[in-house]
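Working notes for the structure below.
Numbering (this note's numbering), first residue to last: 1 to 53.
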């Protein structure tokens, strides 16, 4: 199994994020079950809003 964890914190890397700390708890459990996990911090990407009028 593979899992993708999307971290939606507003703090850019490398700032400490409590959201990431919580995500790491979930990731540890998934990895115990044999999952391959990738964590992506969305604020570090150049994402445009998806709103269109």
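Glycine residues also receive a C-beta, built at the ideal position from the N, C-alpha and C atoms.
Return yes when the Cβ of residue j is within less than 8 Å of the Cβ of residue i, no when it is not.
| i | j | result |
| --- | --- | --- |
| residue 28 | residue 1 | no |
| residue 51 | residue 11 | no |
| residue 5 | residue 25 | no |
Our contact map puts residue i next to residue j with C-beta atoms below 8 Å; I'd like the distance itself, whole angstroms only.
| i | j | result |
| --- | --- | --- |
| residue 37 | residue 31 | 6 Å |
| residue 23 | residue 7 | 6 Å |
Can you tell me which residues form a DSSP beta bridge with residue i?
| i | result |
| --- | --- |
| residue 4 | 38 |
Just how far apart, CA to CA, sit residue i and residue j?
| i | j | result |
| --- | --- | --- |
| residue 49 | residue 33 | 35 Å |
| residue 13 | residue 45 | 11 Å |
| residue 19 | residue 53 | 31 Å |
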